[in-house]
Amino acid sequence: MADPKYANLIGIAYDQPDIYETKDLPEADQNAEIFEEESDSIERLHISASTALSKFKGKTLDSANVDFSDRLSRRIRTGYSARSGDWELAGEGEKETAIQKYQRLQCEMRELLDEVAELKEVAKDESNKQPCTALSRQVESLVKQLTELRLEEKLGSELVGSLTDPQGAQFKKLLSQLEQFQVSGQRERGGQGEGGDATVKFQLTLRPGHAQLAQTARLADLEQRLARVEQAVGATPAKLSRLGVGDHSLLSTAQHLASRAALLDSAQLDAAESRLSTLLTKLDQVAEKTAAITGS
26 MADPKYANLI GIAYDQPDIY ETKDLPEADQ NAEIFEEESD SIERLHISAS
76 TALSKFKGKT LDSANVDFSD RLSRRIRTGY SARSGDWELA GEGEKETAIQ
126 KYQRLQCEMR ELLDEVAELK EVAKDESNKQ PCTALSRQVE SLVKQLTELR
176 LEEKLGSELV GSLTDPQGAQ FKKLLSQLEQ FQVSGQRERG GQGEGGDATV
226 KFQLTLRPGH AQLAQTARLA DLEQRLARVE QAVGATPAKL SRLGVGDHSL
276 LSTAQHLASR AALLDSAQLD AAESRLSTLL TKLDQVAEKT AAITGS
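Quick note: the sequence shown, position 245, residue 270 per the numbering used here, numbers continuous.
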């Protein structure tokens with residue numbers, strides 16, 4: 026039985042079926058098509074999954090030494106190290122390292138194999154195919170020798186890294202020397218370090234052209250500053266004499282002008298005005314006394 030407190034409420038229809046309203050649209054509007062507005066400010070990218078797969082195929086992401094923190098420490102903090110199978114060759118006029126030369130030879134051998142294979146396909150006669158076949162065998166043997174060389178394994182990862190990135194290797198070497206120097210400095214003065222000599226030696230080179238260029242830049246800056254001072258104050262002695270400082274230097278002249286400008290401060294002007302008003306009242310009193318004495 027229903028609660029009797031709801032029995033006599035206004036607006037309740039008794040003995041009638043209950044109707045529940047929903048927010049559904051009418052049947053005519055339920056299958057309405059939705060159109061997206063096109064705008065020049067929105068760029069719609071059509072990305073092909075097959076193209077993206079072919080672009081990133083063979084790439085690896087090294088997350089072994091990932092650190093995105095902003096803390097300061099001796100260890101270099103880097104993000105993800107994305108590596109691929111691509112090799113970086115030396116540019117024109119640059120000196121090749123052993124690793125770059127080894128990789129270049131591998132690339133050229135593979136290109137030569139592809140060219141020989143194309144020549145074999147193009148050649149129709151058996152007489153033309155024989156030289157191409159012999160050449161392809163020689164190239165394949167050379168490629169096999171290069172593969173069996175395994176230069177990366179023989180040289181080691183540290184030496185390969187120093188050859189591919191000499192600047193980074195020098196930086197790491199400098200950091201290791203600084204760490205050794207700091208550790209040896211914390212030991213006792215009388216003790217002898219196990220690492221040998223505890224000094225760090227650096228070689229500084231001076232380029233006369235750069236030093237002369239820096240000196241010329243400083244002189245040009247000084248000349249510009251002098252030109253601005255002459256434009257503001259003047260270069261003739263007559264203009265300097267107007268300041269009332271005699272034959273003093275520009276520094277004393279600037280100090281004299283600063284002291285005069287300080288008198289124009291609002292606090293200084295208020296004090297001067299009050300003193301002038303007091304002086305005027307005293308002068309009026311003196312004038313009145315003088316008039317009284319002369320009149321009598």
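The C-beta atom is built at its ideal place from N, Cα and C for all residues, glycine as well.
Linking R243 to S79 through their CA atoms gives a straight-line distance of about 56 Å. Bounds of the alpha helix (DSSP H) holding S299 are 291 to 320. A Cβ-Cβ distance of about 7 Å is found for the pair V168 and L138, placing them in contact under the 8 Å criterion.
Annotation: the continuous alpha helix (DSSP H) that includes E143 extends over 123 to 147.
Between D246 and S284, the alpha-carbon positions lie close to 29 Å from each other. In this structure, V141 lies near S161, with their beta-carbon atoms less than 7 Å apart. DSSP places P29 outside any alpha helix (DSSP H), giving it a letter other than H or E. The C-alpha of L238 lies about 10 Å from the C-alpha of R232. Here DSSP, grouped into helix, strand and coil, assigns T85 to strand.
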